[in-house]
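Sequential numbering of the sequence shown, starting at 32, is according to UniProt numbering.
The C-beta atom is built at its ideal place from N, Cα and C for all residues, glycine as well.
In what follows, a structure is listed as structure tokens, so that the remarks can point back to it.
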Amino acid sequence: VVTSKVCRGALIVMEGCDRSGKTTQAKLLKKTLDDAGKPTDFMCFPDRSTQIGGIINNYLKCGTELEDHAIHLLFSANRWELLPKIKMTLAKGTNIVIDRYAFSGVVFSAAKEGMSLEWCKKSDTGLPKPDLVLYLDVSEKDVQKRGQFGAERYEKEEFQKRVRANYELLKDDTWRIIDASLSIDKLQEVIKEEALKVINKTKDEKIPELWV
Ligand code: 2DT
32 VVTSKVCRGA LIVMEGCDRS GKTTQAKLLK KTLDDAGKPT DFMCFPDRST
82 QIGGIINNYL KCGTELEDHA IHLLFSANRW ELLPKIKMTL AKGTNIVIDR
132 YAFSGVVFSA AKEGMSLEWC KKSDTGLPKP DLVLYLDVSE KDVQKRGQFG
182 AERYEKEEFQ KRVRANYELL KDDTWRIIDA SLSIDKLQEV IKEEALKVIN
232 KTKDEKIPEL WV
């Protein structure tokens, strides 16, 4: 009996400061890869469509107050509850592009008073480690030029500065720092190339675990 082996999909995460163009590029990348014959799903965190996501949504819209550790753990739980879906998708050979992941979880929570980076990493430890993290890099000046921040919690200049500094502490060799001041099309070209390389490179590899 000849059985053909299904190669796994790659896990690709888009990170970066607010207003860096993450969501636009992540959605475009899903389409770009589909069009290139590499089936790809799009996901985002927080996923506000679940029950836990509903609590997070309310918190972000400043409708409820939650203790800093408690909301951190809910953001984390929102990823764990989607783990079966992530695993199943990758196993059948479909790539996933995710708009924000555990890195956002850590850099935002650790930007708060009394929250350490090490503590914040613990609750996401053991999740699938992304094969590629595309970090969209915009200068502080350019972020300001892109217009006003919205009204959600965390959309404040001082807070975003601390977030940006925390991102620096998480980067490793799976990260690519992409200059987000490029045009939407040019940016997508660069991102597509990185994604195709990693899809090809990791297709026979085991999915590694995050921060273990
Ligand atoms: P969006 O604007 O991209 O929907 O993000 N956040 C996100 C956290 O504080 N912890 C997390 O684990 C994640 C995924 C970043 C909503 C805000 O939620 C923050 C911005």
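Checklist entry - Helix or strand or just coil, what does DSSP make of residue 3? => result Because residue 3 is not part of the residues shown, which for the chain are 32 to 243, the question remains open.
Checklist entry - Just to check, is the beta-carbon of tyrosine 185 closer than 6 Å to a non-hydrogen atom of the ligand 2DT? => result yes
Checklist entry - Which first and last residues belong to the alpha helix (DSSP H) in which cysteine 75 is found? => result Segment 71–75 is the beta strand (DSSP E) holding cysteine 75; no alpha helix (DSSP H) there.
Checklist entry - Per DSSP, what kind of secondary structure is tryptophan 206 in: helix, strand or coil? => result strand
Checklist entry - Exposed or buried, which one is isoleucine 208 when buried takes at least 16 other CB atoms within 10 Å? => result exposed
Item to check | For tyrosine 166, the residue or residues it bridges with in DSSP | outcome: Glu46, Ile208
Next on the checklist: Looking only at its chain, what residues have a beta carbon closer than 6 Å to the beta carbon of alanine 141, apart from the 5 residues adjacent to it on each side?
Outcome noted: Leu148, Cys151, Asn197
Checklist entry - Where valine 138 and valine 194 are concerned, what is the direct C-alpha to C-alpha distance, given to the nearest angstrom? => result 5 Å
Checklist entry - What span of residues does the alpha helix (DSSP H) with aspartate 66 cover, start to end? => result 53–66
Item to check | Residue from Lys153, Cys75, Asp235 whose Cα sits closest to the Cα of serine 35 | outcome: Asp235
Next on the checklist: For a quick check, are the C-beta atoms of lysine 143 and aspartate 99 less than 7 Å apart?
Outcome noted: yes
Next on the checklist: Please report the straight-line C-alpha distance between valine 128 and valine 33, rounded to a whole angstrom.
Outcome noted: 32 Å
Checklist entry - Three-state secondary structure (DSSP) at lysine 130? => result Reading off the sequence, residue 130 comes out as aspartate, not lysine. If DSSP states are grouped into helix, strand and coil, aspartate 130 belongs with the strands.
Checklist entry - Is proline 159 helix, strand or coil when you go by DSSP? => result strand
Checklist entry - If we count the other Cβ atoms within 10 Å of its Cβ and call it buried at 16 or more, is asparagine 109 buried or exposed? => result buried
Checklist entry - Quick check: the segment 118–132 against the segment 43–55, are there 3 or more CB pairs under 8 Å? => result yes
Next on the checklist: Any heavy atom of the ligand 2DT closer than 6 Å to the beta-carbon of arginine 131?
Outcome noted: yes
Item to check | Alpha-carbon spacing of leucine 213 relative to isoleucine 222, whole angstroms | outcome: 11 Å
Next on the checklist: Let me check you understand the geometry: is the CB of phenylalanine 106 closer than 6 Å to at least one non-hydrogen atom of the ligand ZN?
Outcome noted: Among the ligands in the structure shown, the ligand ZN does not appear; only the ligand 2DT can be found there.
Next on the checklist: For leucine 105 and asparagine 88, I'd like the C-alpha separation in whole angstroms.
Outcome noted: 11 Å
Next on the checklist: Does the beta-carbon of glutamate 135, which I'm using as the reference point, lie nearer than 6 Å to any heavy atom of the ligand 2DT?
Outcome noted: Going by the sequence as given, residue 135 is serine instead of glutamate. Under cutoff, so the answer is yes.
Next on the checklist: In this structure, how does DSSP classify glutamate 183 when only helix, strand and coil are distinguished?
Outcome noted: coil
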